[in-house]
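In the numbering used here, the protein residues as written are 332 to 750.
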């Protein structure tokens with residue numbers, strides 16, 4: 332009788348382990364189904380109050396939808412929607428509305444991404460998750476300062492314009508908690524132009540030296556150039572969720588546009604604009620290094636070795652588990668399978684509970700920013716922007732004519748977007 336008892340115990344152990352394995356299988360299957368069923372998180376929509384409805388109704392049809400989103404999506408998407416509203420208002424020539432929207436954006440950005448101890452403490456509790464208030468990736472924050480700087484330039488306020496471009500350079504240097512050298516060439520060019528028009532040639536030369544480091548073939552503005560033309564082509568970079576559980580953020584170039592070259596026509600002359608900034612490149616790099624993906628605000632760079640998987644999963648290959656399995660027969664094998672299954676279940680639950688990647692992005696940004704500086708005689712103050720594809724075929728439907736804005740110093744500015 333004493334010899335049979337251990338067999339019963341062993342058989343009982345096998346049954347318990349087998350039942351546990353089956354339970355884990357059911358649990359894992361349910362967890363995977365739950366993850367598949369939930370899909371993207373749904374967020375509450377807010378009803379507009381009478382004042383907000385009045386604002387929406389006062390806007391032209393092409394802007395109504397953007398303002399509706401601003402009011403109905405609330406604080407979580409306020410910065411994103413103000414970015415969209417600000418840039419669209421600017422494109423349509425509504426400068427005061429653009430200023431108001433972008434000023435609010437920059438106030439929000441500055442509260443978390445300023446270069447001071449208080450902001451650093453705030454960032455320590457912050458990373459880009461889909462359910463948190465949108466503050467933008469580094470390139471989006473830089474572009475917010477870029478457009479606010481253009482509005483200052485148009486007003487002839489070169490001191491604030493330069494300060495705005497410098498803030499954009501600082502945002503580009505923030506790779507979340509890592510500090511990298513800025514390579515946002517258009518901001519260095521515009522900071523130099525602002526300094527030059529302020530009469531600070533030494534500051535201008537310093538900015539232009541950095542620009543030359545980034546774009547050796549660029550032709551620097553001459554002292555005779557008194558008009559700056561900014562031309563934009565293409566569509567915004569896209570953010571996409573990737574990986575198990577969709578918690579990895581990756582970047583892709585915008586789709587469905589042909590134009591990538593721009594030129595300016597005035598009088599009998601036509602000058603090709605210099606493509607100074609690739610916005611997709613800025614989105615998909617940090618400090619000049621190409622981003623592979625971003626997970627919970629941490630940047631993973633290409634050519635970096637993949638991390639090893641969970642210890643609970645890899646431990647099944649360890650010698651102590653193999654030895655235990657060999658010595659214990661079926662019960663040991665079941666225990667080993669149980670350990671592996673627990674590891675897989677833990678990974679599945681981790682993927683299910685990890686916040687999804689924040690795929691919200693500033694969709695009205697361009698793909699490329701082109702720049703021309705000109706010596707312009709007062710008189711006929713209009714220019715025509717023309718756009719073409721890689722093969723050199725002109726896309727006539729995208730051509731635009733616009734008046735140059737001159738300030739009190741007879742310095743001109745014009746902004747044109749192919750879209």
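No residue lacks a Cβ here, since even glycine has one placed at the ideal position from N, Cα and C. This one's a predicted model, so the numbers in the text were calculated from it and none came from an experiment.
Burial check for residue 437: the Cβ neighbour count within 10 Å reaches 16 or more, so the residue is buried. With respect to residue 729, residue 608 sits apart: the two C-beta atoms are not nearer than 8 Å.
By the criterion of at least three beta-carbon pairs nearer than 8 Å, the segment 529-538 is not in contact with the segment 559-575.
Residue burial annotation: residue 427 is exposed, with fewer than 16 other C-beta atoms found within 10 angstroms of its C-beta.
The beta carbon of residue 542 is closer than 7 Å to those of 516, 519, 520, 523 and 549 in its chain, skipping five residues each way along the sequence. Straight-line measurement puts the Cα of residue 490 at about 12 Å from the Cα of residue 534. Annotation: residue 582 to residue 615 spans about 6 Å, alpha carbon to alpha carbon. If the five residues before and after residue 416 are omitted, its C-beta is found closer than 7 Å to the C-beta atoms of 397, 398, 401 and 432, all from its own chain and listed in chain order.
Beta-bridge partners of residue 559 (DSSP): 704 and 744. Judged by their CB atoms, residue 742 and residue 528 are nearer to each other than the 8 Å cut-off. Unbroken alpha helix (DSSP H) stretches of 4 residues or longer found wholly inside the segment 364-436: 381-389, 392-403 and 409-422, given in chain order. Annotated three-state conformation of residue 606 is strand, per DSSP. The Cβ neighbour count for residue 579, taken over all protein chains shown within 10 Å, is at least 16; the residue is labelled buried. Contact annotation: residue 477 and residue 411 have beta-carbon atoms that are not nearer than 8 Å.
By the Cβ criterion, the segment 689-697 is not in contact with the segment 716-734, since fewer than three pairs of Cβ atoms, one from each stretch, lie closer than 8 Å. In the structure shown, residue 579 adopts extended strand secondary structure according to DSSP, grouped into three states.
In its chain, beyond the 5 residues on either side, 597, 732, 733, 734 and 735 have a beta carbon closer than 8 Å to the beta carbon of residue 713. The three-state secondary structure of residue 517, taken from DSSP, is helix.
The residues 595, 703 and 745, in chain order, have a CB closer than 6 Å to that of residue 560 in the same chain once the five nearest residues on each side in sequence are set aside.
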